[in-house]
Amino acid sequence: MDSKINQNPVKTPLLLLGSLIYNIGISFIWPLTTIYMHQYLHQTLTVAAIILLLYYGTTLLGNEIGGWIFDRITPFKTIILGAFITSFCTLAMFLIPAWPFYPIFLVVYGIGDGIVTTAINSIATTMKSHASSYFFNLLYMTRNLGLVVGSLLVGLVTIYGPRAWFISAFGFFAVFIFLILACFKKLDQHNLVQDIEQKSMTVGVQRSFWVILSLICCMFFCWLAYEQWDSNLSVHMLNNGITTAQYSFCWTLNSALIAISQPILTYFDDFLSKRINSRLYLGFALFASSFLILIGANSYWHYLLAMFILTCGEALAFPAVSAYVHMHAPKSQAGRYQGLVLAGTSAGRALAALFGAVLLNFVKMPTLLLILASLIILALINFIIFNNLTKKDA
Numbered sequence: 052m053d054s055k056i057n058q059n060p061v062k063t064p065l066l067l068l069g070s071l072i073y074n075i076g077i078s079f080i081w082p083l084t085t086i087y088m089h090q091y092l093h094q095t096l097t098v099a100a101i102i103l104l105l106y107y108g109t110t111l112l113g114n115e116i117g118g119w120i121f122d123r124i125t126p127f128k129t130i131i132l133g134a135f136i137t138s139f140c141t142l143a144m145f146l147i148p149a150w151p152f153y154p155i156f157l158v159v160y161g162i163g164d165g166i167v168t169t170a171i172n173s174i175a176t177t178m179k180s181h182a183s184s185y186f187f188n189l190l191y192m193t194r195n196l197g198l199v200v201g202s203l204l205v206g207l208v209t210i211y212g213p214r215a216w217f218i219s220a221f222g223f224f225a226v227f228i229f230l231i232l233a234c235f236k237k238l239d240q241h242n243l244v245q246d247i248e249q250k251s252m253t254v255g256v257q258r259s260f261w262v263i264l265s266l267i268c269c270m271f272f273c274w275l276a277y278e279q280w281d282s283n284l285s286v287h288m289l290n291n292g293i294t295t296a297q298y299s300f301c302w303t304l305n306s307a308l309i310a311i312s313q314p315i316l317t318y319f320d321d322f323l324s325k326r327i328n329s330r331l332y333l334g335f336a337l338f339a340s341s342f343l344i345l346i347g348a349n350s351y352w353h354y355l356l357a358m359f360i361l362t363c364g365e366a367l368a369f370p371a372v373s374a375y376v377h378m379h380a381p382k383s384q385a386g387r388y389q390g391l392v393l394a395g396t397s398a399g400r401a402l403a404a405l406f407g408a409v410l411l412n413f414v415k416m417p418t419l420l421l422i423l424a425s426l427i428i429l430a431l432i433n434f435i436i437f438n439n440l441t442k443k444d445a
């Protein structure tokens with residue numbers, strides 16, 4: 052085990068610390084975008100939604116760029132490039148917090164954010180001391196922990212005005228850059244970027260691509276549904292007598308369950324890694340079923356139950372997606388495929404609010420929830436079919 056630990060390009064605690072610091076930093080930016088543009092820059096909610104859509108679009112682009120650079124150039128240059136972009140943009144937001152400069156900085160920031168998140172996930176695929184699923188579980192925990200800590204800090208610094216958000220984000224990103232420069236340089240000393248495979252893909256690799264694509268579709272539809280909790284569903288809950296405090300507690304429950312579940316799942320990682328298909332099937336099924344529960348929700352405990360089941364599904368499935376992709380992707384394209392996973396997530400998040408809002412012009416909330424659950428279930432069935440076909444050909 053010691054020899055395997057020494058083969059890690061980055062020490063595990065440092066990788067997790069970097070993920071934690073970075074995610075604390077981003078919690079000062081994207082969750083507050085709508086509030087800042089509407090309340091401080093006096094733009095309409097429609098304009099804010101368009102800017103958010105552009106932000107998620109550039110994040111998706113950053114995911115693709117990050118995966119390409121990771122595979123073809125060097126992992127160290129990938130993560131440091133993304134970190135410098137995010138740092139520069141947050142400093143620019145602090146110095147020029149005005150319209151139309153803020154949305155320009157935010158859109159460019161999205162590229163850097165996409166590069167960094169792809170790089171962190173891709174680095175996890177190069178770790179040797181444990182299976183990749185072990186690191187994805189831990190990274191998922193630090194990602195959520197960072198957002199929780201960051202949200203608490205936002206509340207503390209808001210009394211100094213919105214510019215405090217931007218300089219705080221810059222401070223955390225600066226620490227992140229220092230950590231990279233001090234501790235991540237060995238990334239390029241390990242032979243992580245392998246020779247590009249021959250262009251003619253074998254039938255097996257082609258089928259692996261399609262099963263991975265079907266899994267990414269599951270993630271896309273999950274996030275298309277998940278983001279309704281942040282947008283249309285939150286308004287629906289408040290309109291039906293749920294207080295803001297009660298709504299916020301749903302997210303407290305979500306964060307607490309993830310914080311509790313990920314160390315447990317990590318402890319049983321060897322067992323779960325051998326049953327990764329079952330883990331994904333169960334996780335996505337639970338996730339979809341949570342929206343079926345919401346269809347008939349007429350009291351607060353229905354929403355709590357739905358969030359509990361959703362979080363259980365999230366904790367099981369989401370970290371396992373990156374691990375599954377790592378197991379089935381060509382080794383020379385590890386970064387590209389991790390970028391595709393995150394791109395699917397970004398696309399779902401980008402379109403969610405608009406998708407829900409458009410449908411709600413024609414149907415009621417229960418119908419929207421049924422449509423979302425059905426899309427996840429259909430995507431899951433599609434993944435199961437492709438996965439079984441791939442196993443038969445193996």
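Count along the sequence shown from 1, add 51, and you get the number used in this note's numbering.
For each residue, glycine too, the CB sits at the ideal point set by N, CA and C.
- If one requires a minimum length of 4 residues, the alpha helix (DSSP H) runs lying completely within the region 272 to 309 are 283 to 290, in chain order.
- A straight-line Cα-Cα distance of about 8 Å links Leu-393 and Thr-168.
- Along the region 356 to 388, the beta strand (DSSP E) does not occur as any fully enclosed run of 3 or more residues.
- Taking Ala-134 as reference, the option from Ile-166, Thr-110, Thr-294, Trp-274 with the minimal CA-CA separation is Ile-166.
- Taking all protein chains shown into account, Asn-291 has fewer than 16 neighbouring C-beta atoms within 10 Å of its C-beta and is therefore exposed.
- Taking all protein chains shown into account, Asp-321 has fewer than 16 neighbouring C-beta atoms within 10 Å of its C-beta and is therefore exposed.
- With a beta-carbon spacing of about 5 Å, Ala-368 and Phe-335 fall inside the 8 Å limit used to define contacts.
- In the three-state reduction of the DSSP assignment, Gln-90 falls in the helix class.
- Per the C-alpha coordinates, the member of Ala-401, Thr-441, Asn-438, Lys-415 positioned closest to Gly-108 is Ala-401.
- The straight-line gap separating the alpha-carbon atoms of Ile-427 and Leu-410 is approximately 17 Å.
- Residues of the same chain with a CB within less than 7 Å of the CB of Phe-187, apart from the 5 flanking positions on each side, are Ala-175, Pro-370, Ser-373, Ala-374 in chain order.
- Listed in chain order, the non-local C-beta contacts of Ile-263 below 7 Å within the same chain comprise Val-376, His-379, Ala-380, Tyr-388, local neighbours out to five positions each way being set aside.
- Assignment of Thr-137 by DSSP, reduced to helix, strand and coil, places it in the helix class.
- Annotation: the region 95 to 161 contains the following complete segments of the alpha helix (DSSP H) (minimum length 4 residues), in chain order: 96 to 123, 126 to 146.
- Assigned with DSSP and collapsed to three states, His-181 falls in coil, not helix or strand.
- One thing to note: Ile-315 has its Cβ no nearer than 8 Å to the Cβ of Leu-337.
- The beta carbons of Val-61 and Phe-235 sit closer together than 8 Å.
- Val-199 is classed as buried because its beta carbon has at least 16 other beta carbons within 10 Å across all chains shown.
- Bounds of any alpha helix (DSSP H) do not take in Tyr-211, whose DSSP letter is neither H nor E.
- Leu-420 sits away from Phe-300, with the two beta carbons spaced by 8 Å or more.
- Here Asn-59 carries a coil assignment [DSSP, helix/strand/coil].
- Taking each of Asn-283, Arg-123, Leu-355, Gln-90 in turn and checking the Cα distance to Leu-304, the smallest one comes out for Leu-355.
- Taking 8 Å as the cut-off, the Cβ atoms of Asn-349 and Asn-438 do not count as close.
- With a cutoff of 8 Å on beta-carbon distance, Ser-265 and Asn-114 are scored as not near each other.
- The three-state reading of DSSP puts Lys-236 in helix, counting H, G and I together.
- The Cβ atoms of Leu-92 and Trp-150 lie closer than 8 Å to each other.
- Straight-line measurement puts the Cα of Phe-145 at about 5 Å from the Cα of Arg-214.
- Proximity to Gly-364 across His-89, Ile-346, Ala-339 peaks at Ala-339, based on C-alpha coordinates.
- Note on Gln-90: under 16 other CB atoms within 10 angstroms of its CB, so exposed under the neighbour-count rule.
- Contact between the region 125 to 139 and the region 192 to 211 is absent: fewer than three C-beta pairs spanning the two stretches fall below 8 Å.
- Looking from the CA of Ile-80, the closest CA among Phe-217, Thr-193, Ile-147, Gln-94 belongs to Phe-217.
- Annotation for Ile-422: Leu-410, Val-414 place their beta carbon closer than 8 Å to its own, counting only its chain and skipping 5 residues before and after.
- A Cβ-Cβ contact shorter than 8 Å links Ser-173 with Phe-121.
- Out of Thr-441, Ser-425, Leu-66, the CA that lies nearest to the CA of Leu-238 is found in Leu-66.
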